[in-house]
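Per the working numbering, the very first residue in the sequence shown carries number 346; after that it's consecutive.
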Amino acid sequence: MSVTLVIIILTALVSASAFGNRELFYRFSFSPYQVKHRSEWWRLLTHAVIHADWMHLIVNMFVLFNFGRLVELYFDGLFLEKGVFFYILLYVGGVAFASIPGLKKQGDNAHYNAVGASGAVSAVLFTSIILQPMSKIYIMFIPIGIPAFIFGPLYIGLEIYLDKRSGDNVAHDAHYWGAFFGFLFPIVLEPKLFSLFISQILG
């Protein structure tokens, strides 16, 4: 069984449990205040296995399923026996890295809470863009695929715009910081990937 499927199953099971268990939900949620003032550091990671509702869970896991398997295969080919380790590091690192801005910005806000794997999923998505920039990404209600290297900047721009509006209770900063991590992570592991990325676009 692939690591992606294991993550999806684990996340679905914990999220479903948390829907009916508010104590578990709040214990695992990302509360920057609790992290900063009570040193509950596990919250930087555990919020990725719980979600606000079924739709939130399904969307995140659907995106992860579609792009995670691709990234896994590439990592296995690029890094051989270390591929699984680096893929897990990408996912967990995406969760943690995407949480840091929220921790700094909301550390004294006792009312702020966030849940979901969006930071990690964005990291996986943007790693796939590095690996296959010319692949097509399809969005609901848009009948044509958008080349991945074009979708990436559009996604980042939209998330930054929505974050500045700050009116929908979504942690948009986690989305674009997770994406940033996912874009850089494979390049740090294998710098030639960036030149391959550029050559695929230009070619």
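Beta carbons: idealized from backbone N, C-alpha and C, even for Gly. These numbers come from a predicted model, not from an experiment.
Do you know how far the Cα of M479 is from the Cα of S540?
If you number the sequence shown from 1, residue 540 lands on position 195. If you number the sequence shown from 1, residue 479 lands on position 134. The straight-line gap from Cα to Cα measures roughly 14 Å.
Across which residues does DSSP place I482 in a beta bridge pair?
As a working note, residue 482 is residue 137 in the sequence shown. The beta-bridge partner set that DSSP reports for I482 consists of I491.
Reducing DSSP to helix, strand and coil, say where A516 ends up.
Start at 1 with the first residue of the sequence shown, and residue 516 comes out as number 171. Assigned with DSSP and collapsed to three states, A516 falls in coil, not helix or strand.
Candidates F526, Y371, G413, K427: closest to A397 by CA position
Within the sequence shown, residue 397 is the residue found at index 52, counting from 1. The candidate whose alpha carbon is nearest that of A397 is Y371.
Could you tell me which of L499, H517, I353, L534 sits nearest to G413, measuring between CA atoms?
Here residue 413 refers to the residue found at position 68 of the sequence shown. Taking only the C-alpha atoms, the option nearest G413 is I353.
Just to check, is the beta-carbon of S347 closer than 7 Å to a non-hydrogen atom of the ligand NAP?
This structure lacks the ligand NAP; in fact it carries no ligand of any kind.
Count the C-beta pairs between the segment 464–472 and the segment 518–529 that are closer than 8 Å, then say yes if the count reaches three, no if not.
Yes, they touch.
Per the contact definition of three or more C-beta pairs closer than 8 Å, is the segment 487–502 in contact with the segment 430–444?
No, because fewer than three Cβ pairs between the segment 430–444 and the segment 487–502 fall closer than 8 Å, the two stretches do not touch.
Integer Cβ distance of P377 from G464, believed to fall under 8 Å
One-based indexing of the sequence shown puts residue 377 at position 32. One-based indexing of the sequence shown puts residue 464 at position 119. Actually they do not touch by this definition, with Cβ atoms about 14 Å apart.
Go ahead and pull the three-state DSSP assignment for A363.
To locate residue 363, count along the sequence shown from 1; it is residue 18. DSSP places A363 in the helix class (H, G or I) of the three-state scheme.
I'd like the ranges of any alpha helix (DSSP H) spanning at least 4 consecutive residues and lying wholly in the segment 395–434.
Runs found: 399–424.
Pairs of beta-carbons, one from the segment 484–491 and one from the segment 405–419, closer than 8 Å: are there three or more?
Verdict: no, contact absent.
In whole angstroms, give me the CA-to-CA distance for I546 and W386.
What you label residue 546 is simply residue 201 of the sequence shown in a count that begins at 1. What you label residue 386 is simply residue 41 of the sequence shown in a count that begins at 1. When only Cα atoms are considered, I546 and W386 end up about 40 Å apart.
Taking Y378 as part of the alpha helix (DSSP H), name the residues at either end of that continuous run.
Along the sequence shown, one-based indexing puts residue 378 at 33. First-last of the alpha helix (DSSP H) with Y378: 377–383.
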